[in-house]
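Student: Sharing a structure below in structure tokens format, with a few things to ask.
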Amino acid sequence: MTIHSSHWGAFRPRVEDGRLAEAVPFELDGDPSPMLRSVPEAVHAANRVTRPAVRASWLDGSGGRRGADPFVEVGWDTALDVVADALRRTYERHGPSSVFGGSYGWSSAGRLHHAKTQVGHFLACLGGFTGHAGNYSYGAADHLLPYVVGDASSVTGQVTTWAEIAEHTDTVLMLGGVPAKNFQIESGGTGDHTSRLGLDAALDAGTRLVNVNPVRFDAPERAEWFPIRPGSDAALLLALVHELDRTGRLDEDFLRRCTVGHERFLAYVRGADGGRARTARWAATITGVPAERIEDLARRIANGRTLVTATWALQRAESGEQPYWAVIALAACLGQIGLPGGGFGFGYGSIAGTGNTYRPFGTPAFQARKNPCSARVPVTRLTDMLSDPGGTYEFDGAAHRYPDIRVVYWAGGNPFHHHHDLNRLVEAWQRPETVVVHEPWWTATARMADVVLPATSSLERDDIAAASKEPYVVAMKRTVDPPGEARTDRQIFAALARRLGVEQEHSGGLDDAGALRAMYETARTSSIEHGHPLPEFDEFWERGHHRYELPAPPPPFAAFRADPDAAPLATPSGRIELYSETVAAYGYDECPGHPAWVPGSEWSGTAGTRHPIHLLSPQPSSRLHSQLDMAGVSRESKIDGREPVVLNASDARARGIAEGDAVRLFNDRGETYAGAVLSDDVLAGVALLATGAWYTPADPAATGSAELHGNPNVLSQDRPTSRLTQGSTAQSVLVQVERAERAPFRDPYALPAFVTRR
Ligand SMILES: Nc1nc2c(c(=O)[nH]1)N[C@H]1C(S)=C(S)[C@@H](COP(=O)(O)OP(=O)(O)OC[C@H]3O[C@@H](n4cnc5c(=O)[nH]c(N)nc54)[C@H](O)[C@@H]3O)O[C@H]1N2
Ligand SMILES: Nc1nc2c(c(=O)[nH]1)N[C@H]1C(S)=C(S)[C@@H](COP(=O)(O)OP(=O)(O)OC[C@H]3O[C@@H](n4cnc5c(=O)[nH]c(N)nc54)[C@H](O)[C@@H]3O)O[C@H]1N2
Ligand SMILES: [Mo]
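Note that the sequence shown ends on residue 758 in the UniProt record's numbering; no numbers are left out.
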């Protein structure tokens, strides 16, 4: 029986007449994702890219406008020649930093054909490129946590396991809940979805879950809902600390032994900094949570073993560092960091593998050649980089300059899904001389390219799926033929490398099959060194999967807690820093030296605005970002072809909006149309419009065109969390919503216009 995998899980492909008929869930997966149902339709979609295509007015040098001009289909030789020429010219005239190869994006679960890594490898062979720093997912946490706890392992590494929670934890205080929709997904795929089972086991064992969230439904039914205004969690956490302090419940011994800066932090909480005491009453006005409820919560978390968690979403907002730092501060005050089932951890329900055993070895992954060029720009600064060559920005305590980008090379990502304030990006995107995109589908980003090269989907090539928070390594076997003339990204780069004289550096004499074997062998060597050997390649490929069986890990921070001198953290003090001299010295008022309440410029507490609805753009339940949007589960979720927006029922009534109505969401940055869903399980004043509906401008030739399909990124703001981390602020967005009498419509998945087509 053949096997394949995806970010949404492993499956058994059933093929009929050369076509994928069904993706049958992997029999060992305890909780497979319904998204598998979308796979056949996506793979055989009418909007696959089947031949190389070049934007007509780029080819004839007449200028034109990216996204608005028709394409010409050409043969592979012509396409590869024009790309090779553009690269050669650019490297000669402007050097490596003028080529942007950051190419952010998830591509497929296959670790060899991970397109972004292949882009980086290829461009490194040519002399290097401007890369990116950080990520959209947890960029603020990733750069903040090393200052606080020495590294970001509480986001990316081992956190308290589900088993430990079930056995030891009385209360899990879950900021952002534990969304079942999100734990369908693991980057690199998963053979076994464990989160729902882990949660159920904990609930059965008597663990209480408190879902602190503007949304009720992103937690199990059995959880308690603790509604809160988006963007206000730091205030709640400070008030909980205040309440612990006021009632004599601080763990002074832990604070003294294991932290530095608690005096300054507590002085701030008490109001000794000249500000107000951060009491429950103070927080009530900010968070919308009654003071008594905050006081009661403080009592409950101090009574018994408590784990404080937060989803990644909380830090994707202005000053998104603060709730994360405050979670750690609250956990430190409770004094249970390092105890089984206690302390803090991030990303439960943000991704499938959180709560599993983390495995820092034996995970097959393609190793790209090192980038010889040091230029890197934070992912969230994409638009500024393109529009402001030579401009300066701050990042992580230092000033940097934007490079002068002439070529943008993107494969495996969809910036016209993922980036914020898309109307700004559309204009900045017109500046470079050349934009090359590899895509399996005619996405918004493909339509915004000069040269579009048809890439295979994962089902049309051999690969291996693996992730370090998930026990399975899974063979992804070629199942169907590529459509038209599609090639693997690696084959495309190999052909370009030949033209540019770097074939040996690029491919090392290996074809795709040879490279796959080599990638596996590297992981196997590491697995043997760690005493958990992967089988030989042929045996693995034949069986199709391998499951690592690992012993349960110790609680995070256990060694540090036991003896902080013997097992110090990698912070300057070796302790948990509740006040960081380093961060304070940077002088960023949006990210001071200790956890603080720093209201954003755009959030639900902003008074007197013309755009009173706080729009959250969560991850979609029906797809992965923009992937699978055209198929099955996602397509069926649309309302008259538009993305559903969840509105609080009273907000909808006040605007004359009924269930299923077309609505217009707008602010000063853009406007988009969506279909209304009414709910009492979303806090009043808050709306939810998931990411990933394919960007569909009404008029691609117009500046600031209306968007017709419900893409929240025409509304989101292109402003970083802070200068410290330059994270994404997707969740700090204010909009107005109105009923749309006549809502315009265009097919989001239509093919672009072609001048000629064979
Ligand atoms: N408003 C708002 N915006 C957000 C977020 C949010 O919360 N709110 N979240 C952000 C986050 S956390 C993330 S991670 C980003 C995600 O942003 P992306 O990772 O850019 O989103 P995807 O849709 O997964 O894009 C992957 C692209 O790769 C293509 N692809 C798949 N396989 C292959 C392949 O083998 N080869 C090639 N060449 N291409 C392939 C797919 O067709 C798709 O177009 O979005 C961010 N944007
Ligand atoms: N189905 C599906 N799953 C996915 C993805 C996908 O595209 N589809 N994408 C994956 C990726 S790339 C990522 S980065 C992760 C992202 O994972 P997250 O960032 O955790 O996901 P979100 O869905 O944005 O939000 C999670 C929860 O946080 C809540 N929340 C938002 N803002 C606030 C706030 O200010 N305060 C509080 N208390 N709660 C808040 C939301 O209501 C929601 O319940 O998801 C991954 N999982
Ligand atoms: Mo992400």
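Beta carbons: idealized from backbone N, C-alpha and C, even for Gly.
Is residue 108 near ligand 3, going by C-beta to nearest heavy atom under 8 Å?
Tutor: As a working note, residue 108 is residue 108 in the sequence shown. No, since every heavy atom of ligand 3 falls outside the 8 Å radius drawn around the Cβ of residue 108.
Student: Have a look at 94, 460, 53, 2 and flag the residue whose alpha-carbon is nearest the alpha-carbon of residue 433.
Tutor: Sequence index remark: in the sequence shown, residue 433 carries index 433 (1-based). Nearest option by C-alpha distance: 94.
Student: What are the boundary residues of the beta strand (DSSP E) that residue 225 is part of?
Tutor: Residue 225 sits at position 225 when you count from the first residue of the sequence shown. Start and end: 224-226.
Student: Measuring from the CB of residue 233, is there a heavy atom of ligand 2 at a distance below 8 Å?
Tutor: Within the sequence shown, the letter at position 233 stands for residue 233. Because some heavy atom of ligand 2 lies under 8 Å away, the Cβ of residue 233 counts as near it: yes.
Student: Using the three-state DSSP reduction, which class does residue 98 fall into: helix, strand or coil?
Tutor: For this step, residue 98 is matched to residue 98 along the sequence shown. Three-state result, residue 98: helix.
Student: Put residue 677 into one of helix, strand or coil per three-state DSSP.
Tutor: As a first step, residue 677 is located in the sequence shown; it is residue number 677 there, counting from the start. Three-state result, residue 677: strand.
Student: Taking DSSP's pairing of strands, which residues face residue 211 in a bridge?
Tutor: By 1-based counting over the sequence shown, the position of residue 211 is 211. Answer by DSSP bridge pairing, in chain order: 174, 225.
Student: Measure how close the beta-carbons of residue 463 and residue 516 come, nearest whole angstrom, since I'm counting them as under 8 Å.
Tutor: The residue given as residue 463 occupies position 463 in the sequence shown. The residue given as residue 516 occupies position 516 in the sequence shown. Residue 463 to residue 516, Cβ: 7 Å. Contact.
Student: Can you round the beta-carbon distance between residue 465 and residue 5 to whole angstroms, since I take them to be within the 8 Å contact cut?
Tutor: Sequence index remark: in the sequence shown, residue 465 carries index 465 (1-based). Sequence index remark: in the sequence shown, residue 5 carries index 5 (1-based). Their Cβ separation, rounded to whole angstroms, is 4 Å, which keeps residue 465 and residue 5 in contact under 8 Å.
Student: How many angstroms separate the CA atom of residue 346 from the CA atom of residue 624?
Tutor: Residue 346 sits at position 346 when you count from the first residue of the sequence shown. Residue 624 sits at position 624 when you count from the first residue of the sequence shown. Each residue's Cα considered, the two are about 20 Å apart.
Student: Consult DSSP for residue 441 and reduce its assignment to one of helix, strand or coil.
Tutor: Taking the first residue of the sequence shown as position 1, residue 441 is located at position 441. If DSSP states are grouped into helix, strand and coil, residue 441 belongs with the strands.
Student: Look at the alpha carbon of residue 456 and the alpha carbon of residue 223, and state the distance between them as a whole number of angstroms.
Tutor: By 1-based counting over the sequence shown, the position of residue 456 is 456. By 1-based counting over the sequence shown, the position of residue 223 is 223. Answer to the nearest angstrom: the Cα atoms are 43 Å apart.
Student: Return yes when at least one heavy atom of ligand 3 lies under 8 Å from the C-beta of residue 617, else no.
Tutor: Working through the sequence shown from its first residue, we reach residue 617 at position 617. The answer is no for residue 617.
Student: For the alpha helix (DSSP H) that residue 198 lies in, which residues bound it at each end?
Tutor: By one-based count along the sequence shown, residue 198 stands at place 198. 195-204 is the extent of the alpha helix (DSSP H) around residue 198.
Student: Which residue's Cα is closest to the Cα of residue 35: 10, 488, 188?
Tutor: By 1-based counting over the sequence shown, the position of residue 35 is 35. When only C-alpha atoms are compared, the closest one is 10.
Student: Please state whether DSSP places residue 179 in a helix, a strand or coil.
Tutor: Working through the sequence shown from its first residue, we reach residue 179 at position 179. Of the three classes helix, strand and coil, the one that applies to residue 179 here is coil, per DSSP.
Student: If we require 4 or more residues per run, which alpha helix (DSSP H) segments fall completely within the UniProt domain "Molybdopterin dinucleotide-binding" (614-733)?
Tutor: For the UniProt domain "Molybdopterin dinucleotide-binding" (614-733), the full-length alpha helix (DSSP H) segments reaching 4 residues or more read 632-637, 649-654 along the chain.
Student: Grouping DSSP H, G and I as helix and E and B as strand, with all else coil, what is residue 575?
Tutor: On the sequence shown, residue 575 is found 575 positions in, with the first residue counted as 1. In the three-state reduction of the DSSP assignment, residue 575 falls in the coil class.
Student: When you measure from the CB of residue 717 to every non-hydrogen atom of ligand 2, does any distance come out below 8 Å?
Tutor: On the sequence shown, position 717 is the one that residue 717 refers to. The answer is no for residue 717.
Student: Quick check: residue 437 and residue 453, are their CB atoms within less than 9 Å of each other?
Tutor: Working through the sequence shown from its first residue, we reach residue 437 at position 437. Working through the sequence shown from its first residue, we reach residue 453 at position 453. Cβ distance < 9 Å, so residue 437 and residue 453 count as in contact.
Student: Applying the 10 Å Cβ sphere with the 16-neighbour rule, what's the burial state of residue 130?
Tutor: As a working note, residue 130 is residue 130 in the sequence shown. Classification for residue 130: buried.
Student: Report yes if the C-beta of residue 184 is less than 8 Å from at least one heavy atom of ligand 2; otherwise report no.
Tutor: One-based indexing of the sequence shown puts residue 184 at position 184. Yes; taking the cut-off as 8 Å, the Cβ of residue 184 has a heavy atom of ligand 2 nearer than that.
Student: Applying the criterion that 16 or more other CB atoms from any shown protein chain within 10 Å of the CB defines a buried residue, is residue 653 buried or exposed?
Tutor: Within the sequence shown, the letter at position 653 stands for residue 653. It counts as exposed.
Student: Between which two residues does the beta strand (DSSP E) holding residue 463 run?
Tutor: Counting from one through the sequence shown, the residue named residue 463 turns up at place 463. Run containing residue 463: 463-466, per the beta strand (DSSP E) assignment.
Student: Rank 621, 481, 315, 589 by C-alpha distance to the C-alpha of residue 637 and give the top, closest one.
Tutor: Here the question's residue 637 lines up with position 637 in the sequence shown. Checking every option, the nearest Cα to that of residue 637 belongs to 621.
Student: Following a CB-centred definition, is residue 179 positioned closer than 8 Å to any heavy atom of ligand 1?
Tutor: One-based indexing of the sequence shown puts residue 179 at position 179. Residue 179: no, Cβ never under 8 Å from ligand 1.
Student: Smallest Cα separation from residue 691: which of 646, 650, 726, 685?
Tutor: Position 691 of the sequence shown, counted from the start, is the residue given in the question as residue 691. That would be 646, whose Cα lies nearest to the Cα of residue 691.
Student: For residue 343 and residue 557, which I take to be in contact (beta-carbon distance under 8 Å), what is that distance rounded to the nearest angstrom?
Tutor: Locating residue 343 in the sequence shown gives position 343, where the first residue counts as 1. Locating residue 557 in the sequence shown gives position 557, where the first residue counts as 1. That belief holds up - the Cβ atoms of residue 343 and residue 557 are roughly 6 Å apart, short of 8 Å.
Student: Under 9 Å, do residue 321 and residue 141 count as touching if we go by C-beta distance?
Tutor: Here residue 321 corresponds to residue number 321 of the sequence shown, with the count starting at 1. Here residue 141 corresponds to residue number 141 of the sequence shown, with the count starting at 1. Yes, these two residues count as a Cβ contact at 9 Å.
Student: Cβ of residue 602 within 9 Å of Cβ of residue 657?
Tutor: Sequence index remark: in the sequence shown, residue 602 carries index 602 (1-based). Sequence index remark: in the sequence shown, residue 657 carries index 657 (1-based). Cβ atoms of residue 602 and residue 657: not closer than 9 Å.
Student: Measure from the alpha carbon of residue 686 to the alpha carbon of each residue in 3, 229, 318, then state which is nearest.
Tutor: For the purposes of this step, residue 686 is taken as residue 686 along the sequence shown, with counting starting at 1. Ranking 3, 229, 318 by Cα distance to residue 686 puts 229 first.
Student: Bridge partners for residue 15 per DSSP, in chain order?
Tutor: Taking the sequence shown and counting its residues from 1, the one referred to as residue 15 is at position 15. Residue 15 pairs with 20.
Student: Would the stretch 285-302 count as touching the stretch 145-158 if we require 3 or more Cβ pairs under 8 Å?
Tutor: no
Student: With burial defined as no fewer than 16 other Cβ atoms inside 10 Å of the residue's Cβ, what is the status of residue 468: buried or exposed?
Tutor: Taking the sequence shown and counting its residues from 1, one reaches residue 468 at position 468. By the neighbour-count rule (16 or more Cβ atoms within 10 Å), residue 468 is buried.
Student: Quick check: residue 402 and residue 421, are their CB atoms within less than 9 Å of each other?
Tutor: Reading the sequence shown from its first residue, position 402 is the one you call residue 402. Reading the sequence shown from its first residue, position 421 is the one you call residue 421. For residue 402 and residue 421, no; Cβs fall outside 9 Å.
Student: Pop quiz: residue 296 and residue 269 are said to be a contact at Cβ under 8 Å. What is the actual Cβ separation, rounded to whole angstroms?
Tutor: Against the sequence shown, residue 296 aligns to sequence position 296. Against the sequence shown, residue 269 aligns to sequence position 269. Rounded to whole angstroms, the Cβ separation of residue 296 and residue 269 is 19 Å, and the two are not in contact under 8 Å.
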